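Notes follow the structure.
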Amino acid sequence: MNNEDEFYDAVTGGSVCETPSVRNSSFIPSHFFHFRKSLPAPMFSRNTMSVWSILKKCIGLELSKITMPIVFNEPLSFLQRITEYMEHTYLINRACSLPDSIERMQAVAAFAVSAVASQWDRTGKPFNPLLGETYELTREEQGFRLVSEQVSHHPPVSAFHAESLVGDFVFHGSIYPKLKFWGKSVEAEPKGTITLELLKHNEAYTWSNPYCCVHNIILGKLWIEQYGTVEIVNHSTGDKCVLNFKPCGMFGKELHKVEGYIQDKSKKKHCVIYGKWTECMWSIDPQAYETHKKSEKKGDNKKHKHEEPEGADNDDADDMPEVQETVCVVPGSTLLWRIDSRPAHSATMYNFTNFAMSLNELEPGMEAMLAPTDCRFRPDIRAMENGKMDEASREKERLEEKQRAARKERSRNEEEWSTRWFQSGTNPFTGLQDWIYTGGYFNRSYQDLPDIY
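If you want it as structure tokens, here you go:
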């Protein structure tokens, strides 16, 4: 076993022997893992902020090019935010264990939906990663390790690579969402391709995420919807899953709903997948689903025959529709995934999940193992999660100025920025531009890394 095959759990820290001969093989069995369940300090109140005075000049602009005040942030880097894709890794492990390609696609589709479920009620913006910033996470109890790097600043591009600790899968992608402000809402346009390789089955799946929109930035209660069509393609078998993340609509009946189907290469539909990305996903035979929908439609027509829809009370706010918090399960359906409950204090902790609570945790002993560019060392994020908002704001401004100065210095010296762990290339399955992991991160040879903090 070489050094790249050995790993260190970057979450737990734990007791580590820091001598070079054994530091890379430090390992703690999963029953010793204890992750924090809350942040050091509760979130601040945004009620006193004059949001309109800040955003009125930004309408129609791409927000990644604008320096935003820290009041809009949550105490995580975007690199940590995309790591939340891995919260439900058990769905990938399930896909690896299934002998049938349609069943594997069901598990992969459930994983694709679960990967965006953490965005529910997460109205704070993650910090823009600095150029060269990295993040690593190893979760032995979930069976994966991940490394990510901010490979470009303009446009902002974040590349990540996760792999199974027992060689079952590789999950990777490059993400460059575009954020735009439209007066009352902020929309994130999905950019970039996500790839999941199931190595045992010699299969590769690719997809892109749905659009995400945060409503009532100026006035009213903030709420989130995701919408758009997500196509998951199995490049080995020709199977395809088409998922429709439904927009809210005028009266909110479709809010959070996802509906789609899986077809084989001959376009024969094998199952319907339905549910809510905030709650759960189910699978059922297409004919049974259509029969149920027809019956349901007849019942709705009778029920609402003499009812008139009511409009919104407040013309200045996009009122969040009342949501039926449970999915109407069609008899004969199979459960694919159900969201985990959030901690009781989540609302005072930026609506973080238990998984998100632990992502910026820095325990004694970890400092010697992490790359100096790791997000956990960012002083602005650390100050914010500790409730020190003035310090966080000063540090954010200092880091952004330091990044600008470094860029000017490279320009004067006619130097090109060189990424460390990823290189620009072509995705072998889609033929599109992508950022490919070059390996070596877990050898922990961190010489010549940039001083970004």
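Taking this note's numbering, I'd label the letters of the sequence shown as residues 20 to 472.
All residues carry an ideal CB built from backbone N, CA and C; glycine is no exception.
Fair warning: this is a prediction, and the values are worked out from it, not measured in the lab.
As assigned by DSSP and simplified to three states, the class of residue i
i	result
Cys275	The sequence shown places His at residue 275, not Cys. His275 falls in the coil class under three-state DSSP.
Val189	strand
Leu58	coil
Val132	helix
Thr310	helix
Met368	coil
Ile47	Since pLDDT at Ile47 reaches only 34, below the 50 mark, its modelled position is unreliable, and the value read off the structure follows with that caveat. If DSSP states are grouped into helix, strand and coil, Ile47 belongs with coil.
Lys324	Below a pLDDT of 50, predicted positions are generally treated as unreliable, and Lys324, at 44, falls in that range; no measurement from the model is reported.
Tyr456	strand
His173	coil
Ile251	strand
Ile358	coil
Val127	helix
Leu165	strand
Ser464	coil
Pro398	helix
Cys231	strand
Ser116	helix
Val90	helix
Ile281	strand
Pro145	strand
Own chain, CB closer than 8 Å to residue i, minus 5 neighbours either side, in chain order
i	result
Glu273	Lys265, Pro266, Cys267
Arg55	Met376, Ser377, Glu380
Ser57	Pro362, His364, Met368, Met376
Spatial distance of residue i from residue j (CA atoms)
i	j	result
Met368	Gly406	11 Å
Lys427	Trp301	53 Å
Gln138	Ala387	32 Å
Glu298	Ser377	22 Å
Ala425	Ile194	24 Å
Glu419	Asp119	50 Å
Tyr224	Gln466	35 Å
Glu244	Lys421	36 Å
Ala126	Val90	38 Å
Phe190	Lys316	40 Å
Gly247	Glu433	42 Å
Met269	Ala375	33 Å
Lys286	Gly186	32 Å
Val346	Arg123	23 Å
Pro258	Ile455	Correcting the residue identity first, residue 258 is Asp in this sequence and not Pro. Each residue's alpha carbon lies about 25 Å from the other.
Arg429	His173	15 Å
Lys284	Cys260	11 Å
Thr353	Gly271	26 Å
Ser255	Asp304	24 Å
His53	Asn228	31 Å
Pro48	Arg361	Because the pLDDT of Pro48 is 40, which lies under 50, any placement of that residue in the model is unreliable, and the question is left without a value.
Counted within 10 angstroms of its Cβ, other Cβ atoms place residue i as buried (16 or more) or exposed
i	result
Thr457	exposed
Glu435	exposed
Phe461	buried
Leu217	buried
Thr6	As displayed, the chain neither begins before 20 nor continues past 472, which places residue 6 out of reach and without an answer.
Pro350	exposed
Lys295	buried
Pro328	With a pLDDT of only 36 at Pro328, under 50, the local geometry of the prediction cannot be trusted, and the value read off the model is given with reservation. Exposed, because fewer than 16 other Cβ atoms sit within 10 Å of the Cβ of Pro328.
Val205	buried
Val277	buried
Arg401	buried
Lys144	buried
Gln282	buried
Pro61	exposed
Gln306	exposed
Ala207	buried
Close beta carbons around residue i, own chain, < 7 Å, minus the five adjacent residues each side
i	result
Lys203	His234, Asn235, Ile236, Ile237, Asp337
Phe63	Met408
Thr449	Thr212, Thr225
Leu110	Ala126, Ala129, Phe130, Ser133, Trp356
Nonlocal neighbours in the same chain, by C-beta distance under 6 Å from residue i, ignoring five residues either side
i	result
Gly151	Thr392, Pro469, Ile471
Glu168	Thr153, Ala178, Trp440, Phe441
Cβ distance (whole Å) where residue i is taken to contact residue j below 8 Å
i	j	result
Gly211	Gly192	6 Å
Glu414	Asp399	4 Å
Ala136	Ile358	5 Å
Glu17	Pro94	Residue coverage of the chain in this structure runs from 20 to 472, which leaves residue 17 outside it and unanswerable.
His289	Ile121	5 Å
Glu115	Lys219	According to the sequence provided, residue 115 is Cys. The question's Glu does not apply to it. That belief holds up - the Cβ atoms of Cys115 and Lys219 are roughly 6 Å apart, short of 8 Å.
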